[in-house]
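These notes are about the structure you will find just below.
Residue numbers (my numbering): 4 to 217.
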């Protein structure tokens, strides 16, 4: 009953998050993909359910180096409860390779047993674009400064790009914090449910003993 009450709430939260989300069992098999993951990757949960996440990552054209990072992220999350952020490159359903930031959290069952690792994937394309624009603006400003020809327009453009980059970074930091907070809330709720389940078990035992005496 408690699982039936908790699961729909958790699922609705995962579906509401705009970033791709994947849940992986401790054995490494795919247990859940949210709609955003299906849309971005082109994979469907019904086709990937139960398959090893390494196979899924290979279909995403993950490099050998990135695969090592993801395996390390998985192990760290299982051990410490959280992992990341880790940067990698994934292929979208449209065939485009995009830079991503990956964070992960650990999920436990009602008895506190580790069951799944939940992974969130954030597209960094816009952030990287702004970083490139910032670097280009910085190089341009340095060249113009060395030639004593830096214009007010170029200076304002560099400031604008710097502001855009800072804003994008601030948004990413807030959203990463929100995801980590969400994982903490889930873990807290799990502890509350486990506590309620134990109390229910104690009450059940007392009632059983009372019935035997009567």
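Glycine included, every Cβ here is placed at the ideal spot set by N, Cα and C.
Every value quoted in this text rests on a predicted model; they were computed, and no experiment measured them.
> In its own chain, which residues sit with a C-beta less than 7 Å from the C-beta of residue 205, not counting the 5 before and 5 after it?
Replying inline: none
>> Considering only the alpha carbon of each residue, which of 136, 52 and 83 lies closest to residue 31?
In response: 52
>> Residues in the same chain with beta-carbon distance under 7 Å from residue 33, minus the five sequence neighbours each way, listed in chain order, please.
In response: 25, 27, 51, 52, 53, 54, 56 and 59
> Hey, residue 200 and residue 136: beta-carbon distance below 7 Å or not?
Replying inline: no
> What residue range is occupied by the uninterrupted alpha helix (DSSP H) comprising residue 90?
Replying inline: Unbroken run through residue 90 is the beta strand (DSSP E), 85-94; no alpha helix (DSSP H).
>> As a quick exercise: from 76, 124 and 84, pick the residue whose alpha carbon is nearest that of residue 118.
In response: 84
>> Please list the terminal residues of the continuous alpha helix (DSSP H) segment that includes residue 65.
In response: It is not in any alpha helix (DSSP H) - residue 65 carries neither H nor E in the DSSP assignment.
> Taking just the CA atoms, how far does residue 127 sit from residue 164?
Replying inline: 16 Å
> For residue 111 versus residue 193, is the C-beta distance shorter than 7 Å?
Replying inline: yes
> Looking at C-beta atoms only, is the number of pairs between the stretch 158-176 and the stretch 64-80 that lie closer than 8 Å three or more?
Replying inline: no
> Applying the criterion that 16 or more other CB atoms from any shown protein chain within 10 Å of the CB defines a buried residue, is residue 105 buried or exposed?
Replying inline: buried
> For residue 190, which residues does DSSP report across the bridge?
Replying inline: Answer is none; residue 190 lacks a bridge partner.
> Apart from the five residues just before and just after residue 144, which ones in its own chain have a Cβ nearer than 8 Å to its Cβ?
Replying inline: 153, 157, 158 and 161
> So who's on the other strand from residue 35, going by DSSP bridges?
Replying inline: 26
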